[in-house]
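**Student:** What the sequence shown shows, in the numbering used here, is residues 70 to 278, in sequence order.
Glycine included, C-beta positions come from ideal geometry on N, C-alpha and C.
Just dropping this structure here.
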Amino acid sequence: MLDLTQGQFVKHVVTHPFEGFEDLRWKKSGSMAIATVIVFILFIQQLAYNRLYGFQYYVSYDKVFNIIPYIFRSFGLFLLYVVCNWAMCTLFDGEGSLKNIYIVTAYSLIPYIAAYLIGTLLSHFLIKDEYVFIQVIEYIGLGWTVILFISAMKAVHQFSFIKTILLILLTLVAMVLCIFLLVLLLTLFQQVLIFIFTIYTELSYRLRV
Numbered sequence: 070m071l072d073l074t075q076g077q078f079v080k081h082v083v084t085h086p087f088e089g090f091e092d093l094r095w096k097k098s099g100s101m102a103i104a105t106v107i108v109f110i111l112f113i114q115q116l117a118y119n120r121l122y123g124f125q126y127y128v129s130y131d132k133v134f135n136i137i138p139y140i141f142r143s144f145g146l147f148l149l150y151v152v153c154n155w156a157m158c159t160l161f162d163g164e165g166s167l168k169n170i171y172i173v174t175a176y177s178l179i180p181y182i183a184a185y186l187i188g189t190l191l192s193h194f195l196i197k198d199e200y201v202f203i204q205v206i207e208y209i210g211l212g213w214t215v216i217l218f219i220s221a222m223k224a225v226h227q228f229s230f231i232k233t234i235l236l237i238l239l240t241l242v243a244m245v246l247c248i249f250l251l252v253l254l255l256t257l258f259q260q261v262l263i264f265i266f267t268i269y270t271e272l273s274y275r276l277r278v
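Shown next as structure tokens:
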């Protein structure tokens, strides 16, 4: 059994996707604090990629900066996946706890975050004809994250490969349904507020008259 520190375990799972998460599970290691820092860096990466990318590749025409979409695409989607995956795994008799799913999902995102931060940095130094190098780095990071992600879900739930893929697909479906219901709920809530405000405005007008 490996005897590694929390920081060494992060490096171990990233560089050994097929055994790293198994070692992490049996060692009962993994840090919520490190996982949370990774998610925060994901938020920074989303901001950097969309706001600080090289001007020759991307120009933002937004007149007003809104941080809410970046919070949703980082913290929101991450937490939604963790909750939906935990809910789905209870139906499949998965062994992963909410804490373990949170940790391994965050660890899996490291190559993606690193690759896109490097791509953002290189976009200020490379010309358009050299954009292929940025794309290669980003694709490698994304592909490595996919491998880590599948390995993490397989290890944390102790599923077969096919069952792991099915669980991930069902989790994505659950996320879409949750987002749809959330949008529907917010729309209904907005309509109720408009209705209340209309009644208040009408009553105020009649009282003044």
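Please work out which residues of its chain come closer than 7 Å, Cβ to Cβ, to residue 188, disregarding the five sequence neighbours upstream and downstream, and give them in chain order.
**Tutor:** Taking the sequence shown and counting its residues from 1, one reaches residue 188 at position 119. 203, 206 and 207, listed in sequence order.
**Student:** Quick one: which unbroken alpha helix (DSSP H) runs of 4-plus residues sit fully inside the region 102-130? Chain order, please.
**Tutor:** none
**Student:** For residue 74 and residue 214, I'd like the C-alpha separation in whole angstroms.
**Tutor:** Start at 1 with the first residue of the sequence shown, and residue 74 comes out as number 5. Start at 1 with the first residue of the sequence shown, and residue 214 comes out as number 145. For residue 74 and residue 214, the distance between alpha carbons rounds to 22 Å.
**Student:** Enumerate in chain order the residues of its own chain whose CB-to-CB distance from residue 123 is below 7 Å, with the five nearest sequence positions on each side excluded.
**Tutor:** By one-based count along the sequence shown, residue 123 stands at place 54. Contacts found: 192 and 193.
**Student:** Quick check: the Cα distance between residue 70 and residue 228, rounded to an integer number of angstroms?
**Tutor:** Here residue 70 refers to the residue found at position 1 of the sequence shown. Here residue 228 refers to the residue found at position 159 of the sequence shown. Legend: pLDDT at residue 70 = 48, less than 50; position of this residue unreliable, value from coordinates given subsequently. Distance between the alpha carbons of residue 70 and residue 228 is about 21 Å.
**Student:** Check whether the Cβ atoms of residue 155 and residue 170 lie closer than 7 Å to each other.
**Tutor:** Looking up residue 155 in the sequence shown gives position 86. Looking up residue 170 in the sequence shown gives position 101. Contact: yes.
**Student:** Taking 6 Å as the cut-off, is the C-beta of residue 257 nearer than that to any heavy atom in the ligand COA?
**Tutor:** Ligands displayed in this structure: none; no statement on the ligand COA is therefore possible.
**Student:** Mind checking residue 79: buried by the 16 CB within 10 Å criterion, or exposed?
**Tutor:** In the sequence shown, counting from the first residue as 1, residue 79 sits at position 10. So residue 79 ends up on the buried side.
**Student:** Curious, which full-length alpha helix (DSSP H) runs of at least 4 residues does the region 136-176 contain?
**Tutor:** Listed in chain order, the complete alpha helix (DSSP H) runs (minimum 4 residues) inside the region 136-176 are 137-140 and 146-160.
**Student:** Which residues in the same chain as residue 147 place their Cβ atom closer than 6 Å to its Cβ, once the five residues preceding and following it in sequence are excluded?
**Tutor:** Here residue 147 is taken as the residue at index 78 of the sequence shown, counted from 1. Hits under 6 Å: 108.
**Student:** Counting pairs of beta carbons, one from the region 224-242 and one from the region 102-117, are three or more of them closer than 8 Å?
**Tutor:** no
**Student:** Residue 92 lies in the alpha helix (DSSP H); which residues open and close that run?
**Tutor:** Against the sequence shown, residue 92 aligns to sequence position 23. Per DSSP, residue 92 belongs to the alpha helix (DSSP H) from 89-96.
**Student:** For residue 85, name the three-state secondary structure that DSSP assigns.
**Tutor:** What you label residue 85 is simply residue 16 of the sequence shown in a count that begins at 1. Correct three-state label for residue 85: coil.
**Student:** Does residue 138 pass the burial test, meaning 16 or more other C-beta atoms within 10 Å, or should it be called exposed?
**Tutor:** Working through the sequence shown from its first residue, we reach residue 138 at position 69. Under this definition residue 138 is an exposed residue.
**Student:** How would you call residue 94, buried or exposed, if buried means at least 16 neighbouring beta carbons within 10 angstroms?
**Tutor:** As a working mapping, residue 94 is identified with position 25 in the sequence shown. Label assigned to residue 94: buried.
**Student:** Give the C-beta separation of residue 244 and residue 153 to the nearest angstrom, bearing in mind that I take them to be a contact with Cβ-Cβ under 8 Å.
**Tutor:** Counting from one through the sequence shown, the residue named residue 244 turns up at place 175. Counting from one through the sequence shown, the residue named residue 153 turns up at place 84. With a Cβ gap of about 5 Å, residue 244 and residue 153 count as contacting.
**Student:** Below 8 Å on the Cβ atoms is my contact criterion, and I expect residue 126 with residue 185 to pass it. Report the Cβ-Cβ distance as a whole number of Å.
**Tutor:** As a working mapping, residue 126 is identified with position 57 in the sequence shown. As a working mapping, residue 185 is identified with position 116 in the sequence shown. About 13 Å; that fails the 8 Å criterion.
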